[in-house]
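Input: a single structure, listed below in structure tokens.
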Amino acid sequence: MKRFRVKGIPGVETYLRLIGENSEGYVILITTINKAGIRESEEIISRHLFDACIRTGFLNECEEPAAACIA
Numbered sequence: 016m017k018r019f020r021v022k023g024i025p026g027v028e029t030y031l032r033l034i035g036e037n038s039e040g041y042v043i044l045i046t047t048i049n050k051a052g053i054r055e056s057e058e059i060i061s062r063h064l065f066d067a068c069i070r071t072g073f074l075n076e077c078e079e080p081a082a083a084c085i086a
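Quick note: the numbering used here has the sequence shown finishing at residue 86, numbered continuously throughout.
Encoded structure:
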């Protein structure tokens, strides 16, 4: 599965992992790491929005494990 780092705010690391695909777009797992801990949520993102995030640099592909990713 591909993993991406989300360009975000300092002090918060957010990663997105593609875990599936359906008629609506991609099924993703979002992992957010900050002082309060780790939060994960499963969401659906449209192909159009996902492609736009890649084109604009909001998402950058990174290697596993997430802790080793640097945007």
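Heads up, the beta-carbon is just placed ideally off N, CA and C, and yes, glycines get one too.
Check                                                                                                 : Outcome
Among 60, 77 and 67, which residue has its Cα nearest to the Cα of residue 35?                        : 60
Express the C-alpha separation of residue 39 and residue 48 in angstroms, rounding to a whole number. : 27 Å
According to DSSP, is residue 69 helix, strand or coil?                                               : helix
According to DSSP, residue 20 sits in a beta bridge with which residue or residues?                   : 30 and 75
Grab the span of the beta strand (DSSP E) containing residue 55 for me, first residue to last.        : 52-60
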